[in-house]
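In terms of numbering that gives the first Met the number 0, the sequence shown opens at residue 0 and continues consecutively.
All C-beta atoms in this analysis are idealised placements derived from N, C-alpha and C, irrespective of residue type, glycine included.
Predicted model, so just to flag it, every value in this text is computed and none were measured.
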Amino acid sequence: MRDSELRVICFNDFFSANLGDRLLGRCLHEGLRGELDGQVDGWDIDGKSEPASTAPSPPSKARAMILPLVPRRIKTRLNVRRARHRLLSEWKRAINGTPVSAIVVGGGHLLTGTTEYFPARLSAVGELARALGIGIHVHSVGVSHPDTWEAAAGEELRRFLEHSPIESISVRDEQSAEHLSRARLARNGISIAPDPGLLAARTFGVEKQSLSARFSVGLGIMSPAAVTNIRPEPSGITDAFWIDVARRISAAGGEVGLFTTGEAGDIRAARRVSELLSANGIAHTASGIAPKDDGDLVNNLSGFEAVLAQRLHASIISYALGVPSIGLGWDPKVRAFYRLTNRAEYFLDDRGARPEEAAARVLQAAREGLDEPHRAQQIEACHQSIRSLAAMITQGT
């Protein structure tokens, strides 16, 4: 088959409320388009055709009363079946008999069974591949620890990995590879492919740029509720923490800028912090709190000299742009990224992080910058992994 006859469907969380998910999906999609002469379509793994503008409608009163009585395992299976039926119908209608050469799933933290959301959608992808008689390439995914998987959701995830026509699989870091191994799902040939978000500068044509006469430090705010969805212990990153950090940066002559990666809860939390900073007389900018799209997010981050943030995507994008960052860990995947980039000393566990240490560390990062040869090496490794993926797709067809 000639490259011009190729058609590849690239599934990702393209229209997630978190703009970081959209960004890495776009980076992978554009990277593949640059390596393949055929058609590469980027599809949202939930079937969305645009960002969700409103929250899902709450269940009816009767359904709300019945749902708590349904055993979790049964509820998960019903949700999986419903999502699979909906998505397969939509996808088959969109394909409309046109030949498809291969399916790519990635990147992002997709191999997780903490809820049935991704297992249900991956199940639909696996069934679509079987119906079309084509292979799946899982690329640069994050894998959560199998101990965090719900029983029924974990079963669906295992079923996808064990019974789908997966032709290649790569994960984004050593930790994800270890988690697959712990789940006894490791296959021969699993490789490490750095997160596609590392291609953000290339994809969006943006690099670090100093927009202010004073050095500017970006504080990436995340809703505390995001932490309690992952683990029982609350985060130590409170409003008071951010106020203290901002005060110390300002006292050192820095300019404080607040930003988020677009989640609605994060935006509310950042606006609350902004109000408290104003009430305490701490100068700051707030233009990055509600980015319009992933391009706007990249532009926001490119103007900082350094970043202190909880969201993994904030650290990945900053690194891609050449902006040094400090990661406030709340999920093991954040620590894994700092290990991958040889910056483990710039990771702080959010449960024990102190404002004075965080402020000092981010100011130090701004002064020291990044190990540019290593950063270039990581970005090239990311690009090379997409070249290899494209070669496998071409050879397989």
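Query	Result
Which whole-angstrom value is the C-beta distance of residue 135 and residue 99, which I expect to be below 8 angstroms?	Actually they are not in contact, since the Cβ atoms of residue 135 and residue 99 sit about 11 angstroms apart, beyond 8 angstroms.
Quick one: give me the first and last residue of the alpha helix (DSSP H) that residue 298 is part of.	293-301
What first and last residue would you give for the beta strand (DSSP E) that runs through residue 206?	Here residue 206 belongs to no beta strand (DSSP E), and DSSP marks it neither H nor E.
Among all the DSSP beta bridges, which residues are the ones paired with residue 79?	DSSP lists no partner for residue 79.
Pull up the distance between the alpha-carbon of residue 144 and that of residue 182, whole angstroms please.	8 angstroms
Could you compute how far the alpha carbon of residue 199 sits from the alpha carbon of residue 23?	8 angstroms
Throw me the rounded Cβ distance for the residue 308 and residue 324 pair, which I believe falls under 8 angstroms.	6 angstroms
Distance, Cα to Cα, residue 92 vs residue 79?	20 angstroms
Check whether the stretch 352-372 touches the stretch 123-143, taking contact to mean three or more Cβ pairs, one atom from each stretch, closer than 8 angstroms.	no
Are at least three pairs of beta-carbons, each pair with one atom in the stretch 38-46 and one in the stretch 271-284, less than 8 angstroms apart?	no
Short of 6 angstroms in beta carbon distance, which residues of its chain neighbour residue 156, apart from the five on each side in sequence? Order them along the chain.	112, 118
For residue 352, report the span of its beta strand (DSSP E) as first-last.	Neither: residue 352 is in no beta strand (DSSP E) and is coded neither H nor E.
Under 7 angstroms between the Cβ atoms of residue 236 and residue 327?	yes
Is the beta carbon of residue 316 closer than 7 angstroms to that of residue 257?	no
Could you work out which residue in 190, 7, 272 is closest to residue 239 when comparing CA atoms only?	272
Round the Cβ separation of residue 279 and residue 229 to the nearest angstrom and send it over; I've been treating them as touching at under 8 angstroms.	About 30 angstroms separates the two Cβ atoms, so there is no contact after all.
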